[in-house]
Amino acid sequence: MPELTEEVADARPAPSGEPILEVRGLVKHFPLTQGVLFKKQVGAVKAVDGVDFALTAGETLGIVGESGCGKSTVAKMLVNLERPTAGEIRYKGEDITRLSGRALKAVRRNIQMVFQDPYTSLNPRMTVGDIIGEPYEIHPEVAPKGDRRRKVQELLDVVGLNPEYINRYPHQFSGGQRQRIGIARGLALRPEIIVADEPVSALDVSVQAQVINLLDKLQNEFDLSYVFIAHDLSIVRHISDRVGVMYLGRLAEIGTDEQIYEHPTHPYTQALLSAVPVPDPEARERRERIILTGDVPSPANPPSGCRFRTRCWKAQERCELEVPELAVPAEFRTADGPEAHPSACHFAEERHVVG
Ligand SMILES: Nc1ncnc2c1ncn2[C@@H]1O[C@H](COP(=O)(O)OP(=O)(O)OP(=O)(O)O)[C@@H](O)[C@H]1O
Ligand code: SF4
Ligand SMILES: [Mg+2]
-1 MPELTEEVAD ARPAPSGEPI LEVRGLVKHF PLTQGVLFKK QVGAVKAVDG VDFALTAGET
59 LGIVGESGCG KSTVAKMLVN LERPTAGEIR YKGEDITRLS GRALKAVRRN IQMVFQDPYT
119 SLNPRMTVGD IIGEPYEIHP EVAPKGDRRR KVQELLDVVG LNPEYINRYP HQFSGGQRQR
179 IGIARGLALR PEIIVADEPV SALDVSVQAQ VINLLDKLQN EFDLSYVFIA HDLSIVRHIS
239 DRVGVMYLGR LAEIGTDEQI YEHPTHPYTQ ALLSAVPVPD PEARERRERI ILTGDVPSPA
299 NPPSGCRFRT RCWKAQERCE LEVPELAVPA EFRTADGPEA HPSACHFAEE RHVVG
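In the numbering used here, the protein residues as written are -1 to 353.
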C-alpha cells in the first residue's frame, strides 16, 4: 500500500499519563442454540475470551487481527452496543458495565463509535443534517433545538465538507465523503473517546490516507483518544501509538508501534508482519515470508492451551496444556529493551521480520 505509507504523517510520541479507559478480563460469549420452539443452549461462540488493555488519554491504540477474531465485538462492548458476559470496562476508574439509566447515558456520550461501512451505516432516507444531528435528540443538553443547524454545519466544516451540503442525502456523496459524515456524527456530542471500527477498510486506497489524516487532525483539535480497529497492520502503524494484536478472542501481543513492528516476539504477530506489503523492492527481497498453514479454528471450539498452537510452527506440548498469559516474557523482564513488552507466548523470542 505505497500511497498510504507515503502520504500519512508518521506516528507521534506516545502520550503518557492516566488511563482514560481500562479493559480487564473482557469476555463475550454468544449462546449457540438448537431447536425452534424450545431453544436449548448447546454451546457458545467465544467471540471475546479474556481481553485486557488500557487506553491513555490522548493516545491511539490500534487493534488488529484476522476476520472473526473478535475486534468488532470488543468495539461494541466499549460503546455499550453489546453487554459483556464478564469483565470490566473502566472509564476514568469507574466500571461502566455496571451502570444503567442516567449515569450510563452520561458516560456513553463520551465514548462514540465510527463504523466500518459508510455505505450501509448511514440511513439513506435521512438528510446529512438529520444524520449528524441525530445524537442531539438523545442528548438535547449538548445542542438546544434552535442551535442544531449551526452546530451541524460547523461539524461539516470540521470534517472537510461544504456546510451547504446539509440538506443532501447520503447517495449524493462519495465513499470518503460518507465516512466524513460518519465521523462528524461521531463528533457531534464532543466525546473524549472514539472507537473506530475499520473506518477506512471499505474505501479506495487513495481515499484511505485522507480519512486517516483527518482523524489525526481531529485528535489534536479535540483532544481525542482513539481505539482504531483494522485487519491491516500497515494502516494501523501510522495512526497508532500502541498496537494490540488479537487472535481468536484474545490479545496475542501488545506494545508501542516500535515494539510490535520492529521487535515482535509472538509468532502470530511475526506471521502477520511478514505479509504486510513492503513498498521498497530491496526491503521486500530481504524480508522473510512466514506462511501460516491451516484455518483459524472456530471460536465455538477454540484449541486448549495457546489458541494459536494449531497454526504455530513453534508449538510444543506445553502450548497444548497451558494458556500463555499476556505478560512480559520472563526472559525479557530484566532487560529494558523494546523486546520487553507483553506477549502471550511460552516461547516468545524476538524476530525481525520487516525491512
Ligand atoms: N451476534 C452474534 N451472535 C453470534 N455470533 C456472533 C455475533 N457477533 C459476532 N459473532 C461471532 O463472533 C466472532 C467474532 O466476530 P467479530 O465480528 O467481533 O469479529 P471481527 O474481528 O470484527 O471480524 P471482521 O474482521 O470480519 O469484522 C465471529 O465468529 C462471529 O461470527
Ligand atoms: S505459546 Fe506455543 S503455540 Fe502459542 S504462540 Fe507460543 S510457541 Fe506458538
Ligand atoms: Mg469487525
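C-beta atoms are modelled at their ideal positions from N, C-alpha and C, and glycine is treated no differently.
Check, Outcome
"Pro142: CB within 7 Å of a non-hydrogen atom of ligand 2", "no"
"As assigned by DSSP and simplified to three states, the class of Phe220", "helix"
"Contact belief for Leu59 with Ser238 at Cβ below 8 Å, rounded distance in angstroms", "7 Å"
"Assigned secondary structure, Tyr259 (DSSP; H/G/I helix, E/B strand, else coil)", "helix"
"Exercise answer, beta-carbon shell around ligand 2 heavy atoms below 5 Å", "Pro265, Cys304, Phe306, Arg307, Cys310, Lys312, Ala313, Cys317, Pro322, Cys343, His344, Phe345"
"Under 8 Å between C-beta atoms of Val193 and Val77", "yes"
"For Glu20, the first and last residue of its enclosing beta strand (DSSP E)", "17 to 32"
"Any non-hydrogen atom of ligand 1 closer than 7 Å to His229 Cβ", "yes"
"Proximity below 8 Å, CB of Arg148 to CB of Gln268", "no"
"Length of the line joining the Cα atoms of Gln206 and Asp115", "13 Å"
"Proximal residues to Ala141 (C-beta, below 7 Å), its chain only, five neighbours per side dropped", "Tyr134, Lys149"
"Closer than 7 Å: Lys69 CB and nearest ligand 3 heavy atom", "yes"
"C-beta atoms of Leu249 and Pro295 nearer than 8 Å", "no"
"Local Cβ density within 10 Å of Ile289, reported as buried at 16 or more and exposed below that", "exposed"
"Cβ neighbour criterion (16 or more within 10 Å) applied to Phe220", "exposed"
"Counted within 10 angstroms of its Cβ, other Cβ atoms place Asp8 as buried (16 or more) or exposed", "Summary for Asp8: the model assigns pLDDT 43, below 50, so the residue's position carries little reliability; its value from the coordinates is reported in the next sentence. So Asp8 ends up on the exposed side."
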